[in-house]
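Going by the numbering used here, the first residue of the sequence shown is number 235, and it counts up by one from there.
C-beta atoms are modelled at their ideal positions from N, C-alpha and C, and glycine is treated no differently.
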Amino acid sequence: PPTIVYGDRISGRTDLETVIEGQAELRQPGRVARADQLVYDQTTDIATVTGAVRMNAEGDRYTATSGQIQIDAMAGCLLQPTYRFLASGAHGTAERLDLLDRDRARVTQGTYTTCQRGGPDWMPDWILRADRLELDREDDEGRAHGAVLEFKGVPILPMPTMSFPLGERRKSGWLSPTIRLDNKRGLNLPLPSHWNIQPNPVAPFMPSSPLLPDIDAHAES
């Protein structure tokens with residue numbers, strides 16, 4: 235695809251390498267990358283970005299301190315990133331984000347939540363922290379390794395490994411937690427699990443509270 239670059243200073247070698255410094259910007263259809271410095275290798279379509287990195291790929295947004303990305307394939311890595319996916323609204327932070335292709339990503343020492351952002355002191359109702367998160371939007375599945383579920387900043391449920399849906403498609407795994415408050419049990423935080431038995435029958439399992447592990451299981455069709 236055609237590539238357009240902007241910046242305060244542009245140098246390089248024709249048809250080989252372009253160096254953009256100062257408010258550097260690179261554009262391809264549906265994608266834009268901005269940074270303090272951007273080095274674009276035209277032979278490989280790889281951009282090496284440094285300083286105040288901001289990227290937008292068809293509505294998915296990323297920031298980072300540095301990284302290296304093959305622009306058209308959206309494959310590469312970002313360091314100290316934040317991410318936000320347009321389709322699901324899921325977002326988080328990490329030490330490193332590896333974009334394997336347009337649909338798959340690996341998050342190292344990162345977080346994941348679908349709670350919508352609020353003001354400057356905003357804190358998500360729930361957030362998943364993990365040593366490694368594998369996000370596959372084509373299969374609509376996320377996998378967490380070395381994970382801990384937090385509620386309002388308080389760790390409540392360690393999970394060595396778990397899987398969960400990334401969108402609305404049904405699958406077996408953990409669902410987003412909900413919050414209840416009543417005059418008998420006080421604060422109650424159900425963490426439902428979903429067993430997708432067949433295309434129609436499903437079995438939801440609902441622990442009533444991490445401290446009160448009563449399980450209500452039933453099948454629906």
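Practice problem: Indicate the three-state DSSP secondary structure (helix, strand or coil) for T348 in the structure shown. | Solution: As a first step, residue 348 must be located in the sequence shown, where it is residue number 114. T348: coil per DSSP, three-state reduction.
Quiz prompt | Stretch-stretch touch, CB-based, cutoff 8 Å, three pairs: the region 385-393 with the region 365-377 | solution = Touching, no.
Quiz item: Measuring CB to CB, does R371 end up less than 8 Å from L400?
Solution: Indexing the sequence shown from 1 puts residue 371 at position 137. Indexing the sequence shown from 1 puts residue 400 at position 166. Yes, they are a contact pair.
Self-check item: the region 289-305 in contact with the region 350-358 per 3-pair CB rule at 8 Å
Solution: no
Exercise. Taking E251 and D275 to be in contact with their CB atoms under 8 Å, please state how far apart those CB atoms are, rounded to whole angstroms.
Key: By one-based count along the sequence shown, residue 251 stands at place 17. By one-based count along the sequence shown, residue 275 stands at place 41. Cβ atoms of E251 and D275 come within 8 Å of each other, at about 6 Å.
Exercise. From the DSSP output, read off the bridge partner residues of M308.
Key: Within the sequence shown, numbered from 1, the residue matching residue 308 stands at position 74. BP columns for M308 are empty, so no partner.
Exercise. Apply the 10 Å Cβ neighbour rule to A381 and answer buried if 16 or more other Cβ atoms are within range, or exposed otherwise.
Key: Taking the first residue of the sequence shown as 1, we reach residue 381 at position 147. A381 is buried by the Cβ-count criterion.
Self-check item: Candidates T297, V273, A281, E375, of which the one nearest S322 by Cα
Solution: Start at 1 with the first residue of the sequence shown, and residue 322 comes out as number 88. It is E375.
Quiz item: Between R318 and the rest of its own chain, which residues show a CB-CB distance below 6 Å, the 5 nearest in sequence each way excluded?
Solution: The residue labelled residue 318 in the question sits at position 84 within the sequence shown. If we look at R318 and ignore the five residues flanking it on each side, its Cβ neighbours are R295, H325.
Exercise. May I have the straight-line CA-CA distance separating D242 from A269, to the nearest angstrom?
Key: On the sequence shown, residue 242 is found 8 positions in, with the first residue counted as 1. On the sequence shown, residue 269 is found 35 positions in, with the first residue counted as 1. C-alpha separation (whole angstroms): 12 Å.
Quiz item: Helix, strand or coil: which one does DSSP assign to E372?
Solution: Numbered from 1 along the sequence shown, position 138 holds the residue referred to as residue 372. Of the three classes helix, strand and coil, the one that applies to E372 here is coil, per DSSP.
Self-check item: Status (buried if at least 16 other CB within 10 Å, exposed otherwise) for L383
Solution: As a position in the sequence shown, residue 383 is number 149, starting the count at 1. Counting Cβ neighbours within 10 Å, L383 comes out buried, since at least 16 surround it.
Quiz item: Out of L362, M396, I244, T327, which has the shortest C-alpha to C-alpha gap to V273?
Solution: Reading the sequence shown from its first residue, position 39 is the one you call residue 273. Checking every option, the nearest Cα to that of V273 belongs to I244.
Quiz prompt | Cβ-based neighbour list, S397, same chain, cut-off 7 Å, excluding 5 preceding and 5 following | solution = In the sequence shown, residue 397 corresponds to position 163, counting from 1. Closer than 7 Å at Cβ, skipping near neighbours: E375, G376, R377, G407.
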